[in-house]
Amino acid sequence: MAAAASWALWACRAASHLRISSFPRAFSTVLKDLKYADTHEWVKVEGDSATIGITDHAQDHLGDVVFVELPEVGATVSQGTNFGAVESVKATSDINAPVSGEILQVNDELSEKPGFVNGSPYEKGWIIKVKISDPSELNSLMDDEKYKKFCEEEDGKH
Amino acid sequence: MRGLLACATLARRAGAGGAATSSARRHLAGAAEAAEAELKKTALYDFHVAHGGKMVPFAGWSMPIQYKDTIMDSTLNCRANGSLFDVSHMCGLSLQGRQAIPFLESLVVADVAALKDGTGTLTVFTNDRGGAIDDSVVTKVTDQHIYLVVNAGCRDKDLAHIGEHMEAFNKKGGDVKWHIHDERSLLALQGPLAAPTLQLLTKEDLSKMYFSDFKMIDINGYACFLTRTGYTGEDGFEISVPSENAVDLAKALLEKSEGKVRLTGLGARDSLRLEAGLCLYGNDMEQHITPVEAGLSWAIGKRRKAEGGFLGADVILKQLQEGPKIRRVGLFSQGPPPRSHSEIVSSSGENIGEVTSGGFSPCLKKNIAMGYVKSGLHKAGTEFKVVVRGKSYDAVVTKMPFVPTNSLVQKRITKGNVKNKSENSHGVADNGHGEGDVASSSECRLQPRLRRICHGIPGIRKTAVPIVRSVPAAEAALASCDQACWWPHRSVRQATAIQIAFNMNALPHAHCN
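Shown next as structure tokens:
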């Protein structure tokens, strides 16, 4: 997740520190067949379409998700830029597109049940589906092993 | 750990003499981002870490933002059962001397002289433009001893300010000295189980202690300063305990509650105070905001309104007469939770103010926020928009507190009258159930409280609140709140019922076991 927005005297720092706290936690789930961005989004590729969501690791650090800001169907997203936001009780986080493309579908159910992002980050908590415009972009993403290591390193930094 | 603290204290005290030069130095030091290694640690630091506290930098301290419970669960549990917070980062201060009261009154808006010994009030330190330097709970221990607690983030600024004025005051023949209580830690015990739990650790009869009362008492064998106050909207206490006993006291409190009172971090503390409509200094109050604009006119003593005599009195008294140009309001909004600095606009898009605190309310399950709008647009029901990430969302002004406050403890019965007062320690005036003088009985003490509890619960008519004299009756009353009420669980209702009964002294201690 990209840096939290700049509100509340301490909340943003607090939020960013949630990510790097030394709090010993159980390892988050990382699924084998997905690709991962360093901003903690996952991509599931099926043909030329990609389903995108945030990882278990990301939702765990965010805490209770209370609102998901969804983009419009038909809009285009480009790799590495933000297309929406996830709000938890304390923090706001941007969601970045791990691949570029046109938005085919958004998970409207999250408007009513944002908690799916916590409870089922890889299934019911999916956020958008896009039509991949440049499949070569997938090469820049991490596989599960690499992403797992990436999270461990990030948690261990402080 | 304590060494670090002690060094900081020494530096501060050394600085207090020549406030002008040293404040500049302190400012420089403060401006440099404190490296994590330099963060101060409270006496409970290791205890927090051992209990899974996620430590974050806050006002120069390493503090737990949450423990293993989520912020949502912690917030709900505080209102259902209870919370224990380490708030040792806040600065306890004693002013002593024959002129402690006149001196303090030159800096704050409260009528300190009129306080009874052993009682306190929320007040505001003002600057010469009438703006708020800090808010603080001040307690008159005796007429020669004032105890106050100021915000951690304002500590250096406040101490420089107080120190500078104290020096000038004493030069003119005044008699005031201070003691900074760095030898003590501060725990906040909040929620319906706060009193029953604490009662198990002290011989003092807590049912005789009312909101804002202060006592120096023995708790679990430790010499504590106890204030019935808090920052959650719930009944509760702030306990100043010698630092060497802080961990043991925290353990004892958690143990006596049988796990119901949970360690709670700053994250839930922020949700709780927001739900209770209480200001966070630095967000909802600042140097350029006056107490009148902040909706804290009630904290300006009657005598002080007539006489002035505090910094910026001319500005503040004028505002009291003419009305302020902007006002703090509470609001509900659609869409994503507004956060501080979200713009408030009219339906035609014109800027009318700004959000200063906002978030998702764990109890109400919707967005709540506070902000400042132009006077005239501050009335409950006024509709406008808040802008979050470029998009406008509907918002409506609502009365605060958002969640009915439970920090009621009846004021003393005087001359046959009962005056019910449910003032939040940090600044929301009673939200207007003017009960007036009523005959003394537990039932009339309880009525407004129940009404307040039921206020805001869909399906409950305020007029239909039954008279309640016991726990079963209170429970039955609350059971009628079944549909759509913000107590999601039976245990919550039960705890509330117990609290009601406790507050009306129907069951002074019976439920403690």
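Chains as they are written, first to last, in the working numbering: chain A, 1 to 158; chain B, 1 to 513.
We put the beta carbon where it would ideally sit given N, CA and C, even for glycine.
- For B/ASN151, the closest C-alpha among the options B/PRO102, B/ASP314, B/LEU39, B/PHE58 is that of B/PHE58.
- With fewer than 16 other Cβ atoms from the protein chains shown falling within 10 Å of its own Cβ, B/THR142 counts as exposed.
- Residues of chain A whose Cβ lies closer than 8 angstroms to the Cβ of B/MET72 are, in chain order, GLY63, ASP64, VAL89.
- Counting along the chain, A/ILE103 sits inside the beta strand (DSSP E) bounded by residues 101-106.
- In the three-state DSSP reduction, A/SER78 falls in the coil class, being neither helix nor strand.
- Taken atom to atom, the span from the alpha-carbon of B/LYS379 to that of B/LYS171 is near 48 angstroms.
- Judged by beta-carbon spacing, B/MET72 lies beyond the 8 angstroms limit of A/ASP144, meaning their Cβ atoms are not closer than that value.
- Note that the C-beta distance between B/VAL108 and B/ILE101 is not below 8 angstroms.
- In the DSSP assignment, A/GLY119 falls within the unbroken alpha helix (DSSP H) covering 116-119.
- Residue contact check for A/ALA97 against chain B: no CB pair falls below 8 angstroms.
- Ranked by Cα distance from B/GLY358, the first of B/GLU350, B/LYS215, B/SER333, B/LEU377 is B/SER333.
- Nearest CB-CB separation between A/PHE67 and chain B: below the 8 angstroms threshold.
- Listed along chain B is no residue with a C-beta nearer than 8 angstroms to that of A/ALA75; the closest approach is about 14 angstroms.
- The Cβ-Cβ distance between B/ALA43 and B/SER88 falls below 8 angstroms.
- In the DSSP assignment, B/PHE169 falls within the unbroken alpha helix (DSSP H) covering 155-171.
- In the DSSP assignment, the residues bridged to B/TYR281 are B/MET285.
- Relative to B/GLU343, the option among B/VAL373, B/GLY131, B/MET90 whose CA is nearest is B/VAL373.
- Its Cα nearest to that of B/LYS365, the residue B/GLY335 stands out among B/GLY335, B/VAL387, B/VAL345, B/ARG228.
- DSSP, reduced to helix, strand and coil, places A/ILE127 outside both helices and strands of the structure shown, so it counts as coil.
- By the Cβ rule, the region 150-165 of chain B does not count as touching the region 229-238 of chain B, because fewer than three pairs are nearer than 8 angstroms.
- Looking from the CA of B/CYS363, the closest CA among B/VAL403, B/GLU244, B/GLY376, B/ILE289 belongs to B/VAL403.
- C-alpha of B/LYS325 to C-alpha of A/PHE83: approximately 39 angstroms in a straight line.
- DSSP places B/LYS54 outside any alpha helix (DSSP H); the residue lies instead in the beta strand (DSSP E), whose first and last residues are 54-58.
- The beta-carbon of A/ALA85 is placed less than 8 angstroms from the nearest beta-carbon of chain B.
- Taking a C-beta distance under 8 angstroms as the contact criterion, B/ALA132 and B/LEU187 do not qualify as a contact pair.
- Neighbours of A/THR92 across chain B, judged by C-beta separation under 7 angstroms: ARG339.
- Beta-carbon to beta-carbon, B/VAL345 and B/THR227 are separated by about 41 angstroms, too far to satisfy the 8 angstroms threshold.
- Contacts with chain A at 8 angstroms (Cβ-Cβ) do not include B/SER88.
- Bridge partners of B/ILE326 according to DSSP: B/LYS374.
- Residue pairing of B/MET400 in beta bridges, as defined by DSSP: absent, with no partner found.
- Considered as a whole, the region 219-291 of chain B harbours 246-256, 266-275 as its complete alpha helix (DSSP H) runs of no fewer than 4 residues, in chain order.
- For B/ILE368 and B/ALA168, the gap between their C-alpha atoms comes out near 44 angstroms.
- Cβ proximity to chain A below 8 angstroms picks out ASP270, SER271, LEU280, GLY282, ASN283 from the region 268-296 of chain B.
- Separation of B/ILE316 and B/PHE384 (C-alpha to C-alpha, rounded to the nearest whole angstrom) is 28 angstroms.
- Within the same chain, SER94, THR139, VAL141 come within 6 angstroms of B/TYR147 by CB-CB distance, once the 5 residues on both sides are set aside.
- The Cβ atoms of B/MET370 and B/GLY323 lie no closer than 8 angstroms to each other.
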